[in-house]
Each structure stands twice: as structure tokens, then as C-alpha cells.
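Just so you know, the protein sequences line up as chains L and C, in that order.
For the first sequence, counting from 1, position 91 maps to 93 in the numbering used here; every step adds exactly one.
For the second sequence, counting from 1, position 291 maps to 296 in the numbering used here; every step adds exactly one.
For every residue, glycine included, the Cβ atom is placed at its ideal position computed from N, Cα and C.
The structure appears below as C-alpha cells.
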Amino acid sequence: MKQDQVVQMIYKAIDEVNKSLTQDVRLEKKLDEVLNPAKGKLSSLGLIQLIVAIEQEFAKETSEHINLSSSVVFEQEVDPFENIETLTHYIISIA
Amino acid sequence: MSIYSLLCLSDFTIDPLIAYLNESSEQPIIEPFNGPFNQVIPILMDAHHEIWNQKYDSVFLWTYTESICPEYVKVLEQDDSFDSDKLLNEVELFAEIIKTKAQSFDGNIFIADLHKRSFHSRFSMNDWKSTNGASYWLAKINLLLADSLSEISNIFFLNAQNWLQKEVLYHPKLWYMGKVPFSNTVFEATAKDLKFAMRTLLGQSKKLIVLDLDNTLWGGVLGEEGYENLRLGQSNHIGEAFVDFQLALKKLKSAGILLAICSKNDEEIALEAIEKHTEMVLKEEDFVTHRINWKDKSDNIISIAEELNIGLQSIVFIDDSPAEQDQVRKQLSEVMVPEWPKDPAYYCGALNELKIFDSTSISVEDRQKTDLYKIEQKRQEYKVNVTSKQEWIISLDVKFRTESLSKENKARAAQILNKTNQFNLTTRRMAENDLWVLSQNLNHRFWVVYIEDKFGNYGLCGLVGLEKKEEEILITDFLLSCRVLGRGVEDTLLNFAVEEGTKDHCKDLHFPFKATQKNNACRLFLETSKLKKGEDDSFFWDEGLCL
Numbered sequence: 003m004k005q006d007q008v009v010q011m012i013y014k015a016i017d018e019v020n021k022s023l024t025q026d027v028r029l030e031k032k033l034d035e036v037l038n039p040a041k042g043k044l045s046s047l048g049l050i051q052l053i054v055a056i057e058q059e060f061a062k063e064t065s066e067h068i069n070l071s072s073s074v075v076f077e078q079e080v081d082p083f084e085n086i087e088t089l090t091h092y093i094i095s096i097a
Numbered sequence: 006m007s008i009y010s011l012l013c014l015s016d017f018t019i020d021p022l023i024a025y026l027n028e029s030s031e032q033p034i035i036e037p038f039n040g041p042f043n044q045v046i047p048i049l050m051d052a053h054h055e056i057w058n059q060k061y062d063s064v065f066l067w068t069y070t071e072s073i074c075p076e077y078v079k080v081l082e083q084d085d086s087f088d089s090d091k092l093l094n095e096v097e098l099f100a101e102i103i104k105t106k107a108q109s110f111d112g113n114i115f116i117a118d119l120h121k122r123s124f125h126s127r128f129s130m131n132d133w134k135s136t137n138g139a140s141y142w143l144a145k146i147n148l149l150l151a152d153s154l155s156e157i158s159n160i161f162f163l164n165a166q167n168w169l170q171k172e173v174l175y176h177p178k179l180w181y182m183g184k185v186p187f188s189n190t191v192f193e194a195t196a197k198d199l200k201f202a203m204r205t206l207l208g209q210s211k212k213l214i215v216l217d218l219d220n221t222l223w224g225g226v227l228g229e230e231g232y233e234n235l236r237l238g239q240s241n242h243i244g245e246a247f248v249d250f251q252l253a254l255k256k257l258k259s260a261g262i263l264l265a266i267c268s269k270n271d272e273e274i275a276l277e278a279i280e281k282h283t284e285m286v287l288k289e290e291d292f293v294t295h296r297i298n299w300k301d302k303s304d305n306i307i308s309i310a311e312e313l314n315i316g317l318q319s320i321v322f323i324d325d326s327p328a329e330q331d332q333v334r335k336q337l338s339e340v341m342v343p344e345w346p347k348d349p350a351y352y353c354g355a356l357n358e359l360k361i362f363d364s365t366s367i368s369v370e371d372r373q374k375t376d377l378y379k380i381e382q383k384r385q386e387y388k389v390n391v392t393s394k395q396e397w398i399i400s401l402d403v404k405f406r407t408e409s410l411s412k413e414n415k416a417r418a419a420q421i422l423n424k425t426n427q428f429n430l431t432t433r434r435m436a437e438n439d440l441w442v443l444s445q446n447l448n449h450r451f452w453v454v455y456i457e458d459k460f461g462n463y464g465l466c467g468l469v470g471l472e473k474k475e476e477e478i479l480i481t482d483f484l485l486s487c488r489v490l491g492r493g494v495e496d497t498l499l500n501f502a503v504e505e506g507t508k509d510h511c512k513d514l515h516f517p518f519k520a521t522q523k524n525n526a527c528r529l530f531l532e533t534s535k536l537k538k539g540e541d542d543s544f545f546w547d548e549g550l551c552l
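As C-alpha cells, this is what we get:
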């Protein structure tokens, strides 16, 4: 999968999730936007919502499924949820 | 601008609902508070719980059926040991807990009706069996709750099915990872309906719908096709949609919403079509007035508003033409002009989705509202034929009658308290239950006002409230429906308020006027009345004055 395609998928998911977040914690659509709740403004619940939204976007566009909440994700050397760019690379690696 | 606090209690995660309520700029502005997770019953039963240290305007309860009714789990599991008496006892207990809380709570309690969790919603041939059908017993639980809770005036049982009938409502992963049972669309719909409920209680519902004719109430252009060729009914899918739209409007009219026509057409031809088309649901008598001419619609709407003495903010304008919508939006920003679907198949849905027409009760006056306005038109026509306003007022033979606030009239009294804008001293708003509770306090008194004249009965159309304080008597409420203004009733109301207020001769009588954008009519009256003006827009009765 191409990077641009995955980034756009993530941005669509962000649009959906932002609807249920207050202004102060809404995510910006930029590659260095932090996703890890321990380091950024997104809450744990917000991250869960984002994960589900991205998985749905992915399924809608590719008719395939990915799992962004398995234990494998959290064993990666580079945290996939560090920011949007790292998440993009992770999704490309498992797609 | 007022902000209304809402405590939300649930046994599942409702953070998205809190966010939607926080971020919505739609009136009324709600400040939501997310109660502790899965503590609905303990918090309701514990009056000393720290959460009650803060005052809330309203509470919203949203629970799973199994949480308040554990026996229902046996129904879902098709367990033979299911005991229906036990289930009904559990439901009654839950109802009693809520009713007990409602008695001591000053605000309103909204409760979402109970529903099955999505993973329990599967087709089953047994679903409606009275022995152990899941849908059967869920319906029974909801009916029992509805019957029990409807007796209490500050409890409102909301139809959660309205929110759950949205596509993609459940994501199992969101549930397992975050105990969030619904998608954003459900929470968004819930937030909108909560606002709708509060708007209704605050008297912010719209009063009048102004309607276009061509391609709005019927399919086709009357002037070009003639009424015989309009698409209306006739087993044609477009015609049927227009009939259903008219039926929906008629239903609103029966609930007290006024309908008016504003159309660019030949008046005679249009009225003929309304009278003669056999499939017209709405007849001329269903419309309180009409402006069928070639003037700008915004000018016509202003004319209608002036005729009916209704504020522009209480009007909705429905027209299929984007150009006409735009013209009215630009000229009259206070009038609500919804975007209207291009396809008449979606008109009924669009009308329902406006969520601006509702009341907690429908009174006799509501059902007769269109007729009451038409009687008023006769009064005004009669007025043209008399030589002076004074002569007109005398000839009307107005009768003014008061009653103390009672169980029989409190619903209508609360309605008029919350809807009256123009002739209103304080524009104080209160839910029916709050009004009734206050009236039981010995230091507060309320009277309702009935007016009739030789043309007919206006019904209950005024309210006076007073509070006895140590050094003074305060008139807390002094209001009249705009329908009865300008015929001497205002002076009679003032005389009544002064008579009641001065019964205790030792105290000063104050009318504390609170200015709003809409109650200048009240201020003007007070300034020209026998009351003396004090500081800060307050008026008072001087003992030296005579009635």
C-alpha cells in the first residue's frame, strides 16, 4: 500500500473521532501529531476510538482487515502510536 | 446566555455523548457532567453522595436493562428458571427509586427507555413469546416504567430507539476495549434529542410554520398546470409523499402549531385549488392566515408575524426553492429556514428532524389555537368598523377571571409561563413540577387568568405570581399572552396584582422588571401605568396611589 493512501485513511478516521472529542483534545492532521496517550493530548479512550475508526476505514477501502490492538502492536521496537507517521509505516508493514 | 447543567449517569461509557453536548452550540447550551461509571442506582439512592454537592438543572439516566433488572438476563439466556413476578418487582423497584429521587430533585430527570444490547439483538422465532421472549419482556418492562413514571411531572421517559435506529450503531471492539457500546452517530443523535427535550421544557419550541405551495405542499406549479394536474395523492409516489407531508403538518396543527401560507401565486386560483383538490389534506381553515401574492416572501412573513403578533424567532419557513430560502434567510435572520430536500419522499423526515415543535402537554387551548387566532382576526376586522379603540374595547365586553393555581390548571400555567415573551415582567422559566412545588410554599402565591369576550374564549392566558418577603411583597410573575394585549386586560391584570399584593398593608409592593430582547411591551406598559419607577428598572406601588 502506498503511504499517501494510508495517511488519507488515518485522516478520515481522525475526522470521525474528532466529532466525539472536545476541541482541546482534537487531533490535527499532520504526520508528527502524537497519538500515544502517555505523551500527547489524546486520551486512552480516544486512542481506542481512533484504532477502531482506522480499522473500519481500512476495511472499507481494501475489504481486508487489520488488527491494531493485538499484543504484537505493543511489542514493536518503534511505538506505532508515537505519531501518525509511525502508525502509517506500521500499517504499511502489516497490510 | 443561560447554561444548563446536566448530570449524566450510565452503566456504560458515555464520554462521546459528553463531548457532543460540550461542543454543540445549538440552544440550549448544556454543561454536561459525567457521573461515576456504573453507579446509577447507588447514586440515585444516596442523597448524601458527593455528586449531589453540586446543583444540576437536569439529570439523564441511561442504563442497560440487565443493570436494573437482573432477572432479564434469564430471558436473554432463555433460562427456564425465569420468574416473571421477580422481573416485574425489579422494574417497580427501579421506578420507585427514580420517583423518590424526583420528589427531592428540583430539576428534571430524563431517562432513556431500555433496550437490548446489540449482541443480544438477533432474530429469533421466540422473541415475542409471552413466556420468555426477549422483545416481549423488554416491551413489558418499558410499558411498566412508562406507566409508573408518567405520573411524575419532572420525569421524562425518552425514546432511545430514535438514537439506536442509526446505521452502524455497534462496534464490538469499542465495547470490549472501552465499554463504549455505540458508534458516534448514536451519541450525536442522543445529544440532539436531549437538547430538543430541554428546548421544549424551556419554551423554545417554534409556534408557526409558514409554507410555500408549489412543490412544497403539492407537486407541480399551479399557475402553469392547473389544480387538476397537481401531483397530490392519486396513487402516485410523488403525490403520496405530498399527502403524507400534509398529514404530518396537520398533526402539528392539532398539537397547537400554527400553519400559514406564503406563496407566489394568484390568490383566487390558489384558494380554489386548496378547496377543490380532492386529495388536499389541509384546507383553508387549517391555515391561520395566508399571503398569496407576488411580493418578496420576507415582506410577507413580516406581515404575517405582525398580524399574529408572533416574534420572528418563533417562525419556521418551509419552501422547496433554494432561492426563496436564501432570500428569507438573508432578510430575516431570526426566522428558521431549514435546508429542504429536493425529493418530496424525504419531506416528512425533514420535518421530523427539525426537532423544534414539541410541548410536554397539549392543552385544549393548543388544539384550538388556529381557531382562536381566527376569532382574533374577526375582532380586528370588527375594530376597523368602530370609531375608537376605547369604543372597541368596551364593545368587546371583555371578561377577566382568575383562579388560584391548582392541579387542574398547572400544566397550562407552566406552558404559558415558559412560552410568553412579550408581556412578561421577569421572563422567569420553570418546569411544571417546580412551579407546583413553589406554589405549596406559604410565601408564594400564584393565580391564573382567563379572558373571554363576545367573540369567544381565549382560555388561560395570563399568570400572576407573588412572593412575601420580610419587608416587601415581590411580584415574581406578571404575564399575558400576546393574543389578549391591547384591549384593556393589562390594566385589569395590574389592578388584580396590586389588590392581592397590598392585602398585607405593612409591606412594599415591588414589580422587578427584567429586560430581555422581547419584553419591551411590558416595560412600556409599566412606564405608563400608575406604578412608580424605582432604580434598576424596578417599579413599585406607592401607598398613596389609588387603583
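Where the beta strand (DSSP E) through residue i begins and ends
i	result
ASN544(C)	One detail in the question is off: residue 544(C) reads as Phe in this sequence, not Asn. First-last of the beta strand (DSSP E) with PHE544(C): 543-546.
TYR455(C)	449-458
LEU276(C)	LEU276(C) -> not in any beta strand (DSSP E); alpha helix (DSSP H) instead, spanning 272-281.
SER63(C)	63-67
GLU36(C)	34-39
THR407(C)	404-409
PHE192(C)	Segment 189-206 is the alpha helix (DSSP H) holding PHE192(C); no beta strand (DSSP E) there.
LEU163(C)	160-163
PHE115(C)	113-117
Opposing strand residues paired with residue i [DSSP bridges]
i	result
GLU476(C)	According to DSSP, which records beta bridges pairwise, GLU476(C) is partnered with nothing at all.
PRO517(C)	SER543(C)
GLU28(C)	Looking at the DSSP assignment, GLU28(C) forms no beta bridge with any residue, so it has no partner.
VAL321(C)	ILE214(C), MET341(C)
SER15(C)	TRP67(C)
ASP51(C)	Per DSSP, none; premise fails for ASP51(C).
LEU468(C)	VAL453(C), LEU484(C)
HIS295(C)	ILE266(C)
TYR236(C)	In the sequence as displayed, the identity of residue 236(C) is Arg instead of Tyr. Answer by DSSP bridge pairing, in chain order: GLY224(C).
Residue i and residue j closer than 9 Å at C-beta
i	j	result
LEU98(L)	ASN85(L)	Since the displayed chain L opens at 3 and closes at 97, residue 98(L) lies outside it and no answer follows.
LEU559(C)	GLU36(C)	The question about residue 559(C) has no answer here: the residues shown for chain C are numbered 6 through 552.
GLY506(C)	LEU514(C)	yes
ALA117(C)	TRP67(C)	yes
ILE56(L)	MET11(L)	yes
LYS512(C)	GLU457(C)	no
GLY493(C)	ILE398(C)	yes
LEU516(C)	LEU531(C)	Looking at the sequence itself, residue 516(C) is Phe, so the reference to Leu does not match. For PHE516(C) and LEU531(C), yes; Cβs fall inside 9 Å.
PHE501(C)	VAL469(C)	yes
PHE428(C)	SER486(C)	yes
CYS527(C)	LEU484(C)	yes
LYS21(L)	TYR25(C)	yes
GLN239(C)	LEU287(C)	no
ALA139(C)	ASN131(C)	yes
LEU317(C)	GLU344(C)	no
Where the alpha helix (DSSP H) containing residue i begins and where it ends
i	result
LYS302(C)	302-313
SER140(C)	139-154
LYS91(C)	89-109
ASN167(C)	166-169
THR64(L)	46-64
SER259(C)	242-259
HIS91(L)	86-96
MET11(L)	5-20
GLN336(C)	327-336
GLY506(C)	494-506
Cβ of residue i within 9 Å of any chain B Cβ
i	result
SER46(L)	Going by chain labels, chain B is absent from the structure shown, which instead holds the protein chains L and C.
Segment contact flag, the region 158-170 of chain C with the region 425-439 of chain C, C-beta cutoff 8 Å, min 3 pairs
At 8 Å Cβ cutoff, the stretches touch.
Measuring CB atoms only, is the region 108-119 of chain C touching the region 51-63 of chain C, in the sense that at least three cross pairs come out at less than 8 Å?
The region 108-119 of chain C, when compared against the region 51-63 of chain C, does touch it at the 8 Å Cβ threshold.
Relative to chain C, which residues along the region 12-24 of chain L have a C-beta separation below 7 Å, given in chain order?
Shown in chain order are the members of the region 12-24 of chain L whose Cβ falls below 7 Å from a Cβ of chain C: GLU18, LYS21, SER22, LEU23, THR24.
Between the region 180-205 of chain C and chain L, which residues of the former have CB atoms less than 8 Å from a CB of the latter, in chain order?
Going along the region 180-205 of chain C in chain order, one finds MET182, GLY183, VAL185, ASN189, PHE192, GLU193 with a Cβ nearer than 8 Å to chain L.
Closer than 8 Å, Cβ to any Cβ of chain L: which residues of the region 26-39 of chain C, in chain order?
Only those residues of the region 26-39 of chain C whose C-beta falls short of 8 Å from the nearest C-beta of chain L are listed: ASN27, GLU28.
So, do the region 440-459 of chain C and the region 533-548 of chain C have three or more beta carbon pairs nearer to each other than 8 Å?
No contact exists between the region 440-459 of chain C and the region 533-548 of chain C.
Does the pairing of the region 38-51 of chain C with the region 84-95 of chain C give three or more beta-carbon distances under 8 Å?
Segments in contact, no.
Closer than 7 Å, Cβ to Cβ, to anything on chain L: give me those residues from the region 523-545 of chain C, in chain order.
So nothing in the stretch comes that close.
Select from the region 64-90 of chain L all residues with a C-beta closer than 8 Å to any C-beta belonging to chain C, and list them in chain order.
Per Cβ criterion, the list reads SER71.
Got a sec: which bits of the region 11-23 of chain C sit with their beta carbon under 9 Å from any beta carbon on chain L, in order along the chain?
Listed by position, the residues of the region 11-23 of chain C near chain L (Cβ gap below 9 Å) are THR18, ASP20, PRO21, LEU22, ILE23.
Got a sec: which bits of the region 29-45 of chain L sit with their beta carbon under 7 Å from any beta carbon on chain C, in order along the chain?
Listed by position, the residues of the region 29-45 of chain L near chain C (Cβ gap below 7 Å) amount to none.
Quick check: the region 196-212 of chain C against the region 60-70 of chain L, are at least 3 beta-carbon pairs closer than 8 Å?
Contact between the region 60-70 of chain L and the region 196-212 of chain C is absent, with fewer than three C-beta pairs closer than 8 Å.
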